[in-house]
Structures are given as structure tokens and as C-alpha cells.
Amino acid sequence: MPQLDPNKPKNVANYWVESVSKKSKAPNEAWDFISFITRAEQSDAYAERMRKPTALRASIDKQLQNPDLAPFAAQVLSAQSWYRGRNPEAADSALAEMIDYIHDNRALEESGDLFGTTVNRAASKINQSL
130 MPQLDPNKPK NVANYWVESV SKKSKAPNEA WDFISFITRA EQSDAYAERM
180 RKPTALRASI DKQLQNPDLA PFAAQVLSAQ SWYRGRNPEA ADSALAEMID
230 YIHDNRALEE SGDLFGTTVN RAASKINQSL
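Residue numbers for the sequence shown, in my numbering: 130 to 259.
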């Protein structure tokens, strides 16, 4: 991720949190699975298979050796949450729409402000989800 201040890098975090619903028919088994998957060896295998950056500090060096995961692993320790609203799916959708729209319409950028207009539209949608 390009940085405004390379001495104080900031990156965007995206978390997956596992939990067990009170309505679960097998809560003990579900908690056992979460306990199992969060052990270092299983967590490493899961992250590698899913091509996601690790949640474990001890695994960062290993992921830095993987060309596909290295850019993300290098950002793990400086990643911060940015969204504190009620509808993260709407915020993610607004960002994805913005990226797709700019990608699909780059050729139209000859005159006008495609990027500014598109970013402002996404910001408006994100603000509405707060």
C-alpha cells in the first residue's frame, strides 16, 4: 500500500472473527472446532490455503517468503481498523463498486473527474452506513 509517511505506515485491516451462536445445536463441538482452528499449525494451514495473511505474529516471517502473501504479511503489524459503523457489508460494497466502476470506465476519463466523482459517491454511501 502506498504510504504518506513511510516511517509511520498505516494499512487497512480486515478481520474474520469466529463465534458460536447461542442457538447452536452443538455449541461444545463448535467451540472445540474454533479452539482447534486457532492453534498455530492449523491457523497457518488455513491462512495458506485461503491465501489470507496470518493472524499470528510468529507466522509472519513464513508468509513473507510466499510471493503471493508477502505484500499482505508485511502489512499485518501496521494494519488498523477504519470502519466503525453498523453495516460493514455496505461499506465493503461501496468500495468494491468504486473500484469496479473506475476500472471499467478508465477509458472515459479523457475529460471530467471520473476518479473524484466516483470516490465521492463511495464516500457518501459509506457515510450513510455509519
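Ideal Cβ positions, reconstructed from N, Cα and C, are used throughout, including at glycine.
The Cβ atoms of residue 214 and residue 258 sit closer than 8 Å to each other. Judged by beta-carbon spacing, residue 212 lies within the 8 Å limit of residue 220, meaning their Cβ atoms are closer than that value. For the pair residue 172 and residue 191, the Cα-to-Cα distance works out to about 13 Å.
In its own chain, leaving out the 5 sequence neighbours on each side, no residue places its CB closer than 8 Å to the CB of residue 229. Taking 8 Å as the cut-off, the Cβ atoms of residue 140 and residue 194 do not count as close. Residue pairing of residue 249 in beta bridges, as defined by DSSP: absent, with no partner found. DSSP places residue 140 in the strand class (E or B) of the three-state scheme. Around the beta carbon of residue 201, 16 or more other beta carbons lie within 10 angstroms, which makes this residue buried.
Between residue 186 and the set 168, 148, 178 and 134, the nearest pair of CA atoms involves 168. Burial check for residue 164: the Cβ neighbour count within 10 Å stays below 16, so the residue is exposed.
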